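Remarks on the structure that follows.
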Amino acid sequence: FRHQASGDWQHIGNNDTSIVGLSFDPRDHQVFYVAAINGCWRTLDGGKTWRCCTSWDMTEPMDVSVDPHAPDQDYLALPAGIAVSPDRGQTWPRRENGLPERGKYTQAIEVDRTQAGRVLAGGETGIYLTEDGAQTWRRVFPTHDTVNDLQQSPADPKLWLAATQSAGAL
Numbered sequence: 019f020r021h022q023a024s025g026d027w028q029h030i031g032n033n034d035t036s037i038v039g040l041s042f043d044p045r046d047h048q049v050f051y052v053a054a055i056n057g058c059w060r061t062l063d064g065g066k067t068w069r070c071c072t073s074w075d076m077t078e079p080m081d082v083s084v085d086p087h088a089p090d091q092d093y094l095a096l097p098a099g100i101a102v103s104p105d106r107g108q109t110w111p112r113r114e115n116g117l118p119e120r121g122k123y124t125q126a127i128e129v130d131r132t133q134a135g136r137v138l139a140g141g142e143t144g145i146y147l148t149e150d151g152a153q154t155w156r157r158v159f160p161t162h163d164t165v166n167d168l169q170q171s172p173a174d175p176k177l178w179l180a181a182t183q184s185a186g187a188l
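Quick note: the sequence shown uses the working numbering, first residue 19, plus one each step.
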């Protein structure tokens, strides 16, 4: 749904109960991405038309995030790791160097709004950080609980919060 200037909410897109995340292109708010059970969907026209950007082997994304400093670069949290589109959702190569061989399940992914290519990803084994646009990842906070969400403070960009499956907020 999109909130209209009139105060009404307008339905856009498909009736899909599995949409779990969305992210805007900061250059053009007519362009945004949603993570849904059957893949990552993109609209270029504010929700009038949609295209599934991921292939048959990349389903059930849990979150999507656009880098505000490099908006052609989009990050996708997947049950089996992380994919990064360098070309506005046209292709989605896996970028998992530094993630564990087992335990790559990724639930949340957020780009640091202060630094291009700096991204935090939360999953079943902790919080991972890349500072080179997902070329390499390193675990910066191990957990025994799945990290369900990551948020950067709007007031202090150095402050990050993580919500976990059963251990509360970190």
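Heads up, the beta-carbon is just placed ideally off N, CA and C, and yes, glycines get one too. If you're wondering where the values come from, they're calculated on a predicted model, not measured in any experiment.
message: Which complete beta strand (DSSP E) runs does the stretch 83-170 hold, if anything under 3 residues is left out?
response: 92-96, 99-103, 124-129, 137-141, 144-148, 156-160, 165-170
- prompt: When the distance is taken between beta carbons, is K122 closer than 8 Å to A98?
  reply: Taking the first residue of the sequence shown as 1, we reach residue 98 at position 80. Taking the first residue of the sequence shown as 1, we reach residue 122 at position 104. Cβ distance < 8 Å, so A98 and K122 count as in contact.
message: To the nearest angstrom, how far is the alpha carbon of T61 from that of P118?
response: Position 43 of the sequence shown, counted from the start, is the residue given in the question as residue 61. Position 100 of the sequence shown, counted from the start, is the residue given in the question as residue 118. Approximately 33 Å between the Cα atoms of the pair.
- request: Name the one or two DSSP bridge partners that V52 has.
  value: Taking the sequence shown and counting its residues from 1, one reaches residue 52 at position 34. In the DSSP output, where bridge partners are listed per residue, V52 has L40, W59.
message: Can you give me the C-alpha to C-alpha distance between M80 and S24, rounded to a whole angstrom?
response: Your numbering for residue 80 matches position 62 in the sequence shown. Your numbering for residue 24 matches position 6 in the sequence shown. Whole-angstrom Cα-Cα distance: 32 Å.
message: To the nearest angstrom, how far is the alpha carbon of A181 from that of T154?
response: Taking the first residue of the sequence shown as position 1, residue 181 is located at position 163. Taking the first residue of the sequence shown as position 1, residue 154 is located at position 136. So the alpha carbons of these two residues sit roughly 24 Å apart.
query: Which whole-angstrom value describes the C-beta separation of D190 and Q133, a residue pair presumed to lie in contact below a C-beta threshold of 8 Å?
result: Summary: the structure shown does not reach residue 190, with the chain confined to residues 19 through 188, and so no result is reported for it.
- prompt: Rounded to the nearest angstrom, how far is the Cβ of S83 from that of V129, given a contact under 8 Å?
  reply: The count along the sequence shown starts at 1 and reaches residue 83 at position 65. The count along the sequence shown starts at 1 and reaches residue 129 at position 111. About 5 Å separates the two Cβ atoms, so the contact holds.
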